[in-house]
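First residue of the sequence shown? That's -2 in our numbering, and the numbers climb one at a time after it. Here the structure is laid out as structure tokens; the discussion comes afterwards.
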Amino acid sequence: MKAAVYHRYGGPEVVSIADVPTPAVGDREVLIRVHATTVTTGDWRARSLQMPAGFGLLGRLVFGVTKPRQPILGTELAGEITAIGANVRSFAVGDRVFAFPGAKMGCHVEYKCVREDGPIVKLPSALTYAQAAALSFGGITALHFCRRGKLQVGERMLVNGASGNVGSAMVQIAKAQGAHVTGVCSGKNVALVESLGAERAIDYAKEDFAAGAERYDVVVDVAGTAPWSRSKRVLTDKGRLFSVLGSFSELLRSFGNRRIIAGPAGESVEDLRALAALADGGKLVPVIGATFPLDRIVDAHREVDSGHKRGSVVVTI
Ligand SMILES: NC(=O)c1ccc[n+]([C@@H]2O[C@H](COP(=O)([O-])OP(=O)(O)OC[C@H]3O[C@@H](n4cnc5c(N)ncnc54)[C@H](OP(=O)(O)O)[C@@H]3O)[C@@H](O)[C@H]2O)c1
């Protein structure tokens, strides 16, 4: 089968298409014919080793000290089951599913095996394969931070970086949980962010949210430009910072501090089910900013490297 592979760290050009063995399905696994996957900022970090300040060494330890340990990127996928293992009970051949191997990656392929008790859920009926492939990375992150940060109905949230993958999911999920959301993005994305449910979108080139009179119960920093030192000025007395993209020192500062929520989001099948339910109910519609076929995966990486993609970059297979 075809796969996008990389064997050294670097720019988009280190990724190429290669023939690799099609995996054989295990007893408790399903084999998925992948129809769509994404290139995310997680793939960008694993490919380039560009890590948030202070995380450089950790990046090498996680992804491979001298070269990538996992040569196939891709955290999420959607497709159709074409074979099942002898002991599989919850899925059948023909089922349309989406899956989120997350940090284990390996989704930039034509076929992928996933354990039936792993991070795999049937496709929400309202979504296309492309949309379902774009549901998990941002959605899981948004759910994780809202849960850890105990987001309450009626709270006022500011999302800094609202038009990207995590931000566009956060705006919709926080709104679904009863929050009042303000988004921060560039001028070209103001209309998009408001269409996702933000009551207001601030163009960061024209207005500094940290200098404004508005106060928020939660600031979500997805862009990395709203650390505690800046966000605290606009937070209420008990307001919290969700530091989705924070430095190592911000992570250290979060230990024992209930007002800073930082660190990596985990992966759980319960959260995937919650995302499917939100999508089925029309409350979460993944934003797709660009779509590329697998043989143009290098261009998909370039789009992600820009730092200004809208929502997800989808790769169709
Ligand atoms: N903690 C975790 O578990 C976790 C999980 C997922 C991701 N992350 C991290 O979160 C970060 C964002 O991920 P993502 O996938 O959402 O990235 P993304 O899709 O590239 O979105 C980033 C967004 O930031 C906006 N932006 C750029 N400069 C800005 C500024 N000065 N002020 C406000 N917004 C600005 C961009 O919007 P415009 O184009 O409108 O400028 C862009 O849409 C990544 O660094 C990733 O590593 C962390």
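We treat Cβ as the ideally placed atom computed from N, Cα and C, and that holds for glycine.
Cβ-Cβ separation, residue j to residue i (assumed contact under 8 Å), whole Å
i	j	result
V241	V163	6 Å
H105	I294	7 Å
V310	V301	5 Å
M102	A139	Wrong, their Cβ atoms sit about 20 Å apart, outside the cutoff.
G308	S192	G308 to S192, Cβ: 12 Å. No contact.
C143	P20	The Cβ separation is near 35 Å, so there is no contact.
P116	E264	5 Å
A318	V17	Any property of residue 318 remains undetermined from this structure, which presents the chain solely from -2 to 314.
Check whether residue i and residue j have beta carbons under 8 Å apart
i	j	result
G158	A220	yes
V94	I29	yes
V42	Y6	Note that residue 42 is Arg in the sequence shown here, rather than Val. No, they are not a contact pair.
Y213	G236	yes
G91	F239	no
R255	R112	no
A123	T35	no
T275	S133	Looking at the sequence shown, residue 275 is not Thr but Leu. For L275 and S133, no; Cβs fall outside 8 Å.
F52	F289	no
S183	H305	yes
V215	L291	no
H141	A50	no
A173	K280	yes
Same chain only: Cβ atoms within 6 Å of residue i, ignoring 5 sequence neighbours per side
i	result
S251	I257, A259
D40	L70
D234	none
Other residues of its chain near residue i: CB distance less than 8 Å, five sequence neighbours each side excluded
i	result
F206	L155, N157, T179, V181, I199, A223, V231
D218	N157, G158, P224, S228, L238, F239, S240, V241, L242, G243
D296	P9, F289
M48	R42, L55, G56
Close-in-space but distant-in-sequence residues of the same chain around residue i (CB under 7 Å, 5 per side omitted)
i	result
G175	V150, G151
A129	A75, F95, L120, P121
A273	V118, P121
D277	P121, S122, A123
8 Å Cβ cutoff, residue i in contact with chain B
i	result
L54	No chain B is present in this structure, which holds just one protein chain.
TODO: Take every Cβ of the segment 54 to 66, pair it with every Cβ of the segment 76 to 84, and state whether three or more of those distances are shorter than 8 Å.
DONE: The segment 54 to 66, when compared against the segment 76 to 84, does not touch it at the 8 Å Cβ threshold.
Task: Segment contact, 8 Å Cβ cut-off, at least three pairs: the segment 102 to 117 with the segment 68 to 75 - done: Yes: the two stretches touch, three or more of their Cβ pairs being nearer than 8 Å.
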